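For reference, the structure discussed in these notes is given below.
Chains as they are written, first to last, in UniProt numbering: chain A, 1 to 508; chain B, 1 to 508.
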């Protein structure tokens with residue numbers, strides 16, 4: 001069957017760089033010729049991997065039950081809206097006070113064009129819009145290199161690319177590349193550099209309109225005033241602003257990026273609806289997984305009572321750090337594999353403002369400001385343009401930075417994040433603030449991780465017991481993929497588990 | 001008064017690069033102290049400059065009448081929808097057959113963050129969304145350099161930036177820049193180049209994930225297959241793909257860009273509504289402008305009848321090439337200035353497809369494919385993602401290319417545009433086509449230009465009679481600005497005329 005699926009794979013076109021592996025969802029008619037029936041499957045975890053498993057198996061009529069410990073499906077796909085309440089593992093309880101229509105995606109927030117997550121949006125009827133991952137007008141700010149004010153991306157690029165072009169053109173002119181390039185190639189290179197670096201006829205960089213204006217060009221009488229203070233090459237390199245440029249070349253991060261309209265949780269909501277909410281038990285924390293050879297028993301607590309469910313198969317779709325804490329009889333290979341994968345920290349704070357001063361005063365409509373502060377990134381919202389209010393992401397940080405903010409009270413987190421933002425945007429960053437909500441994944445009950453570190457990669461030999469079924473138990477999750485922390489990893493891992501399980505049922 | 005306005009100007013913040021000149025719209029209370037009343041103004045031309053003039057003057061209660069020769073306001077801001085019919089100067093009549101909700105912006109289509117057009121969208125309540133001006137997954141195709149298939153932007157950038165970085169690192173290593181840069185600067189430069197060019201430890205470019213994949217990374221077992229065939233530096237420079245990179249650095253064109261939701265003509269529609277449609281006469285072609293010293297008489301034909309209108313002032317807001325054909329008594333200085341400004345050609349064809357195969361097969365959600373073909377650009381739509389149908393812009397070309405397509409019948413234009421697109425996208429570019437609509441500005445009655453060439457720039461001495469009032473006649477239009485072809489130019493030029501006219505009325 002796998003061979004057939006390979007043979008039936010989508011024929012790649014000349015331009016089809018970025019194709020996913022072919023996937024053929026189970027369908028009812030698969031059972032017609034074999035006379036076999038769909039099995040009963042219990043799915044532990046109602047995040048994207050668990051929901052995708054139930055959704056795909058459901059297409060063929062499998063009797064799926066999803067057990068989810070939290071009061072909502074989606075796992076780390078969590079959109080915070082006004083009225084949402086959380087309590088973290090340190091005991092901090094917060095209730096979001098965002099206005100109607102405003103939200104923050106505390107977990108995944110952006111979708112590249114190539115990921116299957118977009119295919120699920122299409123299939124599920126979840127509308128999408130552009131996620132503003134890059135903006136020439138957003139800021140770069142490296143306090144540690146001596147910058148006393150932010151620089152816009154466009155200005156930083158103009159200066160860095162200008163000097164890089166000038167220097168390479170000079171070196172070429174000196175014959176430094178005569179061994180590497182023919183005269184024709186050198187000509188073409190210099191022609192490129194002139195354009196790329198906006199070099200003048202003398203092949204020197206002297207600024208230009210790409211840096212920006214202090215007064216923009218307008219009607220006759222207003223030719224515009226170019227942004228002054230063109231730094232030297234030495235000064236530009238010293239700022240270290242160039243370190244942020246390659247982000248947008250990443251296969252995962254290059255624009256165009258997308259987001260579901262109205263919040264990332266439109267995806268789990270649509271999956272939940274498609275699966276049928278009667279198949280999903282929330283507030284159901286799994287306490288034991290037992291493979292019995294002929295079936296699986298999963299024990300869980302719900303509403304203070306211990307319950308159990310019997311099924312033909314089980315898909316373990318919890319994070320590995322949580323699975324590792326659940327008693328099971330799947331063997332030490334499974335347990336040591338789960339324990340080898342370690343959880344990572346990341347956090348976000350949503351800062352709701354009474355006005356969209358970043359649009360009005362800074363002419364920044366979306367995009368990300370990069371800093372060397374412990375807040376790391378500031379995200380401008382990709383929705384609600386020109387509205388009255390808006391939610392900035394005031395920090396999106398990782399590791400020690402996220403953990404150090406986690407130890408603060410929500411009020412202290414806000415204060416510290418705002419102080420960092422004020423350095424870049426000025427006092428309105430403080431004075432226009434309406435409310436905030438912070439979310440730290442390492443301190444989130446039942447998840448306790450933003451993503452995971454999988455030493456050796458997901459195909460390392462030690463993870464074999466997770467990548468193959470152990471008895472009647474399969475595993476799925478972004479942590480068993482090459483796109484950890486992305487829903488694409490959860491979806492494709494679920495597809496892999498579903499494909500294997502279905503093939504087994506069909507041939508059993 | 002001008003001095004006061006300057007003094008009241010918005011205080012620039014440290015980060016306010018990209019500020020427009022301050023503008024204070026006329027308001028009723030301006031007349032309170034002076035005892036003077038608002039004047040009667042006839043505005044010739046219902047494009048953006050004319051509408052903006054009427055809109056701003058209307059805020060102070062001026063009695064404005066707009067005369068528009070076409071059957072719709074907006075001028076070159078023209079959104080084509082199913083059912084719209086045009087006849088060009090060559091006699092080609094077309095009726096668009098686009099499906100419900102689909103459109104093409106035949107004229108302006110994108111708004112940078114810094115232009116006042118966005119401020120008008122906010123003020124008028126016109127919702128905006130991202131215009132996808134740049135997309136790492138769109139294609140580059142230079143047939144003339146020997147390319148036999150397109151290359152994605154992301155791949156082209158990875159290769160060009162990779163080799164540029166490698167070459168500059170090499171030259172630096174050879175000491176070729178020892179005179180230009182200190183050892184510390186060289187270290188920082190090389191550190192940047194390693195990251196910018198994704199160089200390995202040997203400071204050489206050997207491809208990488210930024211180029212893309214043939215099979216994308218997914219679940220365990222699928223690490224992904226990197227796109228192969230890494231060209232040499234010589235091969236990459238020979239393709240000339242790098243010539244397209246600087247487009248996105250332009251002050252006018254850098255992402256993020258925006259568009260009104262539902263078509264660019266939401267702007268003139270909102271202006272028209274705000275002005276009041278009773279103040280706008282469509283189908284009214286002006287045939288004479290007479291300055292009488294104490295007022296202005298404008299003669300026009302409407303419905304086959306010749307009419308005239310008397311006003312205190314007139315704003316001439318037609319394109320200069322059209323104004324130059326209208327008899328007037330404003331003197332030879334005005335006439336020769338108008339004639340010095342020459343019209344330019346540009347055109348677009350909208351290709352409606354039965355499926356959004358560019359999303360499904362190519363994973364391209366918006367953005368622009370660049371070519372060296374006579375179609376120049378192909379635009380993917382920035383709206384309707386994941387819908388059933390979609391309208392590509394199959395050519396957006398200028399000058400001779402636009403004129404040569406103009407000479408063809410609409411059917412021939414479609415055939416030629418599709419043949420060019422097939423080379424890049426394959427046969428679906430032809431087989432999925434549902435309908436097309438082409439629009440050529442040089443051949444559009446009452447406009448006869450996409451934009452204009454203003455020798456010497458708008459402040460050249462010869463245009464003085466246009467930049468200052470001639471008697472009681474003022475001029476406004478993008479062609480009297482430093483942002484010709486942008487609505488920003490029309491808006492700011494209108495603001496300038498309105499400001500001068502209002503100051504005169506207040507002091508008269």
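Don't be surprised by glycine CBs; every beta carbon is placed ideally from N, CA and C.
Given the structure is predicted, the values throughout are model-derived calculations rather than measurements.
Under a Cβ-count criterion, where at least 16 other Cβ atoms within 10 Å of its own Cβ denotes burial, should residue i be classed as buried or exposed?
| i | result |
| --- | --- |
| residue 305 (chain A) | exposed |
| residue 232 (chain A) | exposed |
| residue 36 (chain A) | exposed |
| residue 225 (chain B) | exposed |
| residue 455 (chain A) | exposed |
| residue 440 (chain B) | buried |
| residue 157 (chain B) | buried |
| residue 66 (chain A) | buried |
| residue 116 (chain B) | buried |
| residue 265 (chain A) | buried |
| residue 199 (chain A) | buried |
| residue 367 (chain A) | buried |
| residue 165 (chain B) | buried |
Could you give the DSSP three-state label for residue i: helix, strand or coil?
| i | result |
| --- | --- |
| residue 325 (chain B) | coil |
| residue 437 (chain B) | strand |
| residue 249 (chain A) | helix |
| residue 467 (chain B) | helix |
| residue 21 (chain B) | coil |
| residue 285 (chain A) | strand |
| residue 258 (chain A) | strand |
| residue 461 (chain B) | helix |
| residue 502 (chain A) | helix |
| residue 40 (chain A) | strand |
| residue 394 (chain A) | strand |
| residue 102 (chain B) | coil |
| residue 129 (chain A) | strand |
| residue 385 (chain A) | coil |
| residue 206 (chain A) | coil |
| residue 344 (chain B) | strand |
| residue 379 (chain B) | strand |
| residue 473 (chain B) | strand |
Who are the Cβ neighbours of residue i in its own chain at under 7 angstroms, not counting the five residues just before and after it?
| i | result |
| --- | --- |
| residue 443 (chain A) | 88, 89, 90 and 406 |
| residue 473 (chain A) | 289, 291, 296, 314, 316 and 330 |
| residue 449 (chain A) | 319, 321, 343, 344, 441 and 442 |
| residue 403 (chain B) | 345 and 442 |
Please determine, among the options, the residue with the shortest C-alpha to C-alpha distance to residue i.
| i | options | result |
| --- | --- | --- |
| residue 376 (chain A) | A:365, A:386 and A:424 | A:424 |
| residue 374 (chain B) | B:109, B:142 and B:188 | B:142 |
| residue 282 (chain A) | A:47, A:23, A:69 and A:35 | A:69 |
| residue 123 (chain B) | B:267, B:230 and B:503 | B:267 |
| residue 197 (chain A) | B:260, B:144, B:230 and B:242 | B:242 |
| residue 380 (chain A) | A:121, A:115, A:135 and A:112 | A:135 |
| residue 201 (chain A) | A:218, A:370, A:170 and A:213 | A:170 |
| residue 220 (chain B) | A:468, A:508, A:501 and A:502 | A:468 |
| residue 337 (chain B) | B:31, B:461 and B:237 | B:461 |
| residue 101 (chain A) | A:152, A:183 and A:387 | A:387 |
For residue i, which residues from the same chain have a beta carbon less than 6 angstroms from its beta carbon, with the 5 sequence-adjacent residues on both sides left out?
| i | result |
| --- | --- |
| residue 299 (chain A) | 287, 288 and 308 |
| residue 95 (chain B) | 85 |
| residue 385 (chain B) | 365 |
| residue 106 (chain A) | 78, 80, 348 and 439 |
| residue 131 (chain B) | 110, 257, 258, 259 and 382 |
| residue 369 (chain A) | 138, 139 and 378 |
Below 8 angstroms CB to CB, which residues in the same chain sit around residue i once its five sequence neighbours on both sides are set aside?
| i | result |
| --- | --- |
| residue 175 (chain A) | none |
Does residue i come within less than 8 angstroms of chain E when only Cβ atoms are used?
| i | result |
| --- | --- |
| residue 214 (chain B) | Protein chains A and B are contained in the structure displayed, whereas chain E is not. |
#### Entry: Ranges of the alpha helix (DSSP H) found wholly within the segment 293-322 of chain B, counting only runs of at least 4
The segment 293-322 of chain B contains no whole alpha helix (DSSP H) run of 4 or more residues.
### Task
Mind listing, in chain order, the continuous beta strand (DSSP E) runs of no fewer than 3 residues lying wholly within the segment 137-184 of chain B?
Here the runs fully enclosed are 139-141.
### Query
Counting only runs that start and end within the segment 48-89 of chain B, where is the beta strand (DSSP E) found for 3 or more residues in a row?
63-67, 79-81 and 85-87
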